[in-house]
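**Q** If you number the sequence shown the way my numbering does, the last residue is 228 and the count never jumps.
Every residue, glycine too, gets a C-beta built ideally from N, C-alpha and C.
Here the structure is a predicted model, which is why all the values come from computation and not from measurement.
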Amino acid sequence: DKIDNSVTSGLPQVRSDISIYNTEGDPALESLTIAHYGRPAANLYSRVTTGYLESMFGGVSGEVLWKPVDSRLAIGAEVNWVQKRDYDQQFGFQDYDVVTGHVSTYYEFGNGFLGQLDVGQYLAGDVGATLSLAREFDNGWLVGAYATRTDATFADFGEGSFDKGIRIVIPTEWFRGEPSRASRELDLRSLSRDGGARLKVDGRLYDTVRDAHVEDLDGDWGRFWR
C-alpha cells in the first residue's frame, strides 16, 4: 500500500520516508549480515551482528541476555551503531548515523501470556520506552500489541502522537506443511512515523534462547552456543 508522507515529523526521517525505499529499491538488497552467538556464562548469552541489518539501516548490533532455563524472567541489553542506507537499498549509505540502545525486561506470565518492557534510545535520537503484551498459542502463532512513548513532543512526532501497533508471528510450517523453527512476522500499524522507531535485527536473543530452552539447552541444540 502507498504510505502518505505528506505529514512529516520534526524528527530525523528514519521511517516516514519508507515509501521512497519501496519505490526506488526494486530490486533491493534488504539485508546481508554476519552474526556471532556466544554463551559466556551458564545463564548469559551474547550476539554480535554486522552488515546491512535491515532495508533502511546498516551497521553493528551487539546484545547480551540473562535468562536461566527455569526462570520466567529475562533481562537483556542491546547497543547499535547504524547508518541510514541509500534509497535504492544497494550498498551505499546516506549521511545520517545514530547510536541506539535499550535495556529490556521479559516476563512469562503463564498460559502463553508474555510481557516485554524496553527502555532506551530510538533511531531518531528520542528516548523513551516500549511496552509489549502478547499471547502465544500452542500451534505456534503469536498475537500481541505494543505502544511506545518517547520524549519527542506530539508536534515533533506528527500524526498519531505515539507509536503503537499489532504484532503477529506465524510459523512457516503453516505455509510449508513441514516442521520448521522459522516464522514470519507481521507488524500492523496505521502509520510509519519517526518517533519511537526501533532498529530491526534478525535473530535477537530472547526469542532465540527461549526456543532453545524449550528444546533443552543441555541437548543437541545447546551446542549452538558453544
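Apply the 10 Å Cβ neighbour rule to residue 92 and answer buried if 16 or more other Cβ atoms are within range, or exposed otherwise.
**A** exposed
**Q** With distances taken between CB atoms, is the gap from residue 89 to residue 200 smaller than 8 Å?
**A** no
**Q** Give the secondary structure of residue 39 by DSSP, where H, G and I count as helix, E and B as strand, and everything else as coil.
**A** Residue 39 falls in the strand class under three-state DSSP.
**Q** Would residue 150 and residue 132 qualify as a contact pair, given that the criterion is a beta-carbon distance under 8 Å?
**A** Judged by their CB atoms, residue 150 and residue 132 are nearer to each other than the 8 Å cut-off.
**Q** For residue 47, tell me which candidate among 156, 70, 158, 113 has the shortest Cα-Cα distance.
**A** 70
**Q** DSSP beta-bridge partners for residue 110?
**A** 116
**Q** Output needed for residue 60: all residues of its chain with C-beta closer than 8 Å, excluding positions within five of it in sequence on either side, in chain order.
**A** 53, 54, 84, 85, 87, 95
**Q** For the beta strand (DSSP E) containing residue 59, list its first residue and its last residue.
**A** 59-68
**Q** Are the CB atoms of residue 33 and residue 209 within a distance shorter than 8 Å?
**A** no
**Q** DSSP beta-bridge partners for residue 17?
**A** In the DSSP output, where bridge partners are listed per residue, residue 17 has none listed.
**Q** The beta strand (DSSP E) spanning residue 189 covers which residue range?
**A** 185-190
**Q** Use the C-beta contact count for residue 195: other C-beta atoms within 10 angstroms, 16 or more gives buried, fewer gives exposed.
**A** buried
**Q** Can you tell which of 81, 212, 172 has its C-alpha closest to the C-alpha of residue 202?
**A** 81
**Q** Assign residue 204 to one of three DSSP states: helix, strand, or coil.
**A** coil
**Q** Under the assumption that residue 67 contacts residue 211 (Cβ atoms under 8 Å), give the Cβ distance between them as a whole number of angstroms.
**A** 6 Å
**Q** Kindly list the residues whose CB is nearer than 7 Å to the CB of residue 148, restricted to its own chain and excluding five residues on each side of it in sequence; keep chain order.
**A** 132, 133, 134, 166, 167, 169
**Q** So who's on the other strand from residue 95, going by DSSP bridges?
**A** 87
**Q** Of all Cβ atoms in chain C, is any one closer than 8 Å to the Cβ of residue 68?
**A** Note that chain C does not occur in the displayed structure, where there is just one protein chain.
**Q** How would you call residue 38, buried or exposed, if buried means at least 16 neighbouring beta carbons within 10 angstroms?
**A** exposed
**Q** Short check: CB of residue 117 to CB of residue 138, under 8 Å?
**A** no
**Q** Find the nearest neighbour of residue 35 within the set 64, 154, 43, judged by alpha-carbon distance.
**A** 64
**Q** What three-state label does DSSP hand residue 5 in the structure shown?
**A** Legend: pLDDT at residue 5 = 40, less than 50; position of this residue unreliable, no value from coordinates given.
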